[in-house]
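A short worksheet on the structure shown next.
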Amino acid sequence: MDDGFAPPLSRTSRSASARSGPGCQRRAGGYLSSDPEQAPAERRGPTLKARAVGLLSRREYSRKELSGRLAPHAPDPETLTALLDDLQREGWLSDERYARSMLNQRSARQGERRIIGDLRRQGVADELLETLSEDLRATELERAVQVWRKRFEGKALPDTPQEYARQARFLAARGFGGNVVGKVLKAALRGHSGPEGLEDFLLD
């Protein structure tokens, strides 16, 4: 006889009822609340600033490069611009620091054209690039000689048109200008690829 009382729900029944109630949706392997307040923290992911600081803690970035990395995670362009401004103001982000870091890493194996071209593509300002270009040009010939020696010394002299062209392409691909490439290869042909010989050659 129905006396007006429903039997108490079992633990299993109560759990199923809660899962199927308002604000819940089923997914493979369980239930997911549609209430943002109940969403697990790991589902929301790191904040935009946390992503930026995580990237910058590993290496230097230019503003343009970092913007490209963060853009897919930003809610809108204005938020991203404001964050980048804050990072620069707080000292996390610096185009000059990024540029000098790249110069230090690459100058022993690449020429001014290659390094400056890459920095320009990453949005580094022309004024800073001009300063860095002057620094690189001051040692360009000496660095080109070292690159040539590491690759060709004791292996091949540029004493045929084909070999000369091959070695010229090698140096040009690394960002050394035609004038510097010509001086290095002529010095090599004359036996002036060492530091003293190079100095003598430049004084000729």
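Heads up: the sequence shown at position 87 corresponds to 87 in UniProt numbering, and the numbers run straight through without jumps.
C-beta atoms are modelled at their ideal positions from N, C-alpha and C, and glycine is treated no differently.
In this text the structure is predicted, and so the values were computed from the model without any measurement.
With three or more CB-CB distances shorter than 8 Å, the region 141-150 counts as touching the region 165-183. For leucine 93, there is no enclosing alpha helix (DSSP H), as DSSP marks it with neither H nor E. Spanning the alpha carbons of glutamine 167 and leucine 185 requires a straight line of approximately 8 Å. DSSP places proline 161 inside the alpha helix (DSSP H), whose first and last residues are 161-173. By the C-beta density criterion, leucine 189 is exposed, having fewer than 16 other C-beta atoms within 10 angstroms.
For leucine 157, the CB contacts under 8 Å within the same chain, skipping 5 residues up- and downstream, are Glu163, Ala188 and Leu189 in chain order. Distance from the CA atom of alanine 52 to the CA atom of glutamate 130, rounded to whole angstroms, is 28 Å. For phenylalanine 152, the uninterrupted alpha helix (DSSP H) run begins and ends at 140-152, by DSSP. Excluding residues up to 5 positions away in sequence, Pro46 lie with their Cβ nearer than 8 Å to the Cβ of glycine 54 in the same chain.
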